Amino acid sequence: MKRKCWSRVKCASLWEVAMIMMMVYGTASAATNRPTLSITVRDGHFDNENYLNYFCPTLSSTYTKTLHKPLSADLQYGFLLAPSSTKPSCSIWCKVTKQIHKWKITTGAALASIPPQKQQGVFSNVKADIDLRVEHDQRDVSARLFASDLSISRLECTKGFDLQNTNRFIVNPRYNPQTHHADVIFGYVTTATKVKVRASAQCQEVSIAQQINTRNVIIPTIASNGDVTLRWERQLIPQRPVFGGQKEENASYIATTLKPSDSIHVEWKDGPWNAIVNIPIDGTDVHSGSNVSIRREVTF
Numbered sequence: 001m002k003r004k005c006w007s008r009v010k011c012a013s014l015w016e017v018a019m020i021m022m023m024v025y026g027t028a029s030a031a032t033n034r035p036t037l038s039i040t041v042r043d044g045h046f047d048n049e050n051y052l053n054y055f056c057p058t059l060s061s062t063y064t065k066t067l068h069k070p071l072s073a074d075l076q077y078g079f080l081l082a083p084s085s086t087k088p089s090c091s092i093w094c095k096v097t098k099q100i101h102k103w104k105i106t107t108g109a110a111l112a113s114i115p116p117q118k119q120q121g122v123f124s125n126v127k128a129d130i131d132l133r134v135e136h137d138q139r140d141v142s143a144r145l146f147a148s149d150l151s152i153s154r155l156e157c158t159k160g161f162d163l164q165n166t167n168r169f170i171v172n173p174r175y176n177p178q179t180h181h182a183d184v185i186f187g188y189v190t191t192a193t194k195v196k197v198r199a200s201a202q203c204q205e206v207s208i209a210q211q212i213n214t215r216n217v218i219i220p221t222i223a224s225n226g227d228v229t230l231r232w233e234r235q236l237i238p239q240r241p242v243f244g245g246q247k248e249e250n251a252s253y254i255a256t257t258l259k260p261s262d263s264i265h266v267e268w269k270d271g272p273w274n275a276i277v278n279i280p281i282d283g284t285d286v287h288s289g290s291n292v293s294i295r296r297e298v299t300f
């Protein structure tokens, strides 16, 4: 009997698990937790057999549950399905948040399907990621650990300092044990200005986000290797402005990013609609190979 049950688990895939989650938990959950279908229509040159690459459908959902004693924690879990004729992907994830004294501990795990590897086995086509975060709001300090396939991929901690006139200074050192790459991010935030400096042994970069008015933000970025980027974000609806790349889910804005001698990237978001245009350039010349995609999210 045990062998028979194990063979069933071995044959099951993440696609099957995600579909079971959608049918079982999606039916029992409230209307706000219903699956969301996102369809992206994009241009390009595809074969007739690869018709899914024209539309790029994605189905995802998030469910929440409060766990009572003895655990007494908040649970979030969900799935993401992205069928494709060339690179189909699927992932399931869960996140548990628990308050211990004044520390908030969040543990997240995700399983994603990947192309089959050379070695054969039950988990040869599954990638596992772990995200562990510890936060203390009153002390304004947090630490985070990322792991992939049972190997630590990144360590980082963040410390904030409150200054006068609601200004804030942030220090965020990061380290990757696999590549031995280390960098540190310094941030300084005021009412209308946000300065971000990222420094490593290889490159240094400074970015300044300046809020011009309630609708417009200008963000120039300069790197030590000579790269220059200019981003303009304009809020289309008079609500909380887009500031430094942090956007609300239902926001309406246009964000234009200029990289001289590289590309012009335009993103237009209007609620569930999202359009992206990427145009390669070289000086004042426009090269061929522009990409256009339009996405629409629908909640069942």
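Residue numbers (full-length UniProt numbering): 1 to 300. Built from N, CA and C at the ideal position, the CB exists for glycine as well. These numbers were taken from a predicted model, which means no experiment stands behind them.
| message | Given this structure, state the Cα-to-Cα distance separating L236 from D270, to the nearest angstrom. | response | Roughly 8 Å separates the two Cα atoms.
| said: Less than 9 Å between the beta carbons of R174 and F186, yes or no? | reply: Going by C-beta atoms, R174 is not nearer than 9 Å to F186.
| message | Rounded to whole angstroms, what is the Cα-Cα separation between K247 and T193? | response | Here K247 scores only 49 on pLDDT, less than 50, and its place in the model should not be relied on; the value that follows carries that caveat. Straight-line Cα distance between these residues: approximately 16 Å.
| request: Please check the pair S200 and D183, which I expect to be a contact at CB under 8 Å, by giving their CB distance rounded to whole angstroms. | output: About 4 Å separates the CB atoms of S200 and D183; that is less than 8 Å, so the two are in contact.
| said: Short of 6 Å in beta carbon distance, which residues of its chain neighbour V266, apart from the five on each side in sequence? Order them along the chain. | reply: Within the same chain, V266 has close Cβ partners T256, V277.
| request: To the nearest angstrom, report how far apart K196 and F161 are at their CA atoms. | output: If you take the alpha carbons of K196 and F161, they lie about 15 Å apart.
| query | So I218 and I212 are in contact, right, with Cβ under 8 Å, and what is the actual spacing, rounded? | reply | Rounded to whole angstroms, the Cβ separation of I218 and I212 is 6 Å, and the two are in contact under 8 Å.
| message | Which same chain residues end up closer than 6 Å to K98 when comparing Cβ atoms and leaving out the 5 residues on each side of it in sequence? | response | The residues are A73, I105.
| field | Where the beta strand (DSSP E) containing L80 begins and where it ends | value | From DSSP, the beta strand (DSSP E) with L80 extends over 73 to 82.
| message | Short of 6 Å in beta carbon distance, which residues of its chain neighbour A143, apart from the five on each side in sequence? Order them along the chain. | response | Sequence-distant Cβ neighbours of A143 in its own chain, meaning closer than 6 Å and more than five residues away, are V134, C157.
| Reduced DSSP secondary structure (H/G/I, E/B, other) of T166 | Helix at T166.
| said: So, for G78: in the same chain, excluding its five sequence neighbours on each side, which residues have a beta-carbon less than 7 Å away from its beta-carbon? | reply: Sequence-distant Cβ neighbours of G78 in its own chain, meaning closer than 7 Å and more than five residues away, are S60, S61, T62, Y63, W93.
| task | Output the residue ranges of the beta strand (DSSP E) runs that lie fully inside the region 197 to 261 and measure 3 residues or longer, sorted by chain position. | result | Restricted to the region 197 to 261, the beta strand (DSSP E) segments that are unbroken, complete and at least 3 residues in length are 204 to 211, 216 to 223, 228 to 235, 252 to 259, listed in chain order.
| field | 7 Å Cβ shell around P260 - same chain, five flanking residues per side excluded | value | Within the same chain, and ignoring the five residues on either side of P260 in sequence, the residues whose Cβ sits closer than 7 Å to its Cβ are V228.
| task | Report the partner residues of F146 according to the DSSP bridge assignment. | result | Partner(s): D131, R154.
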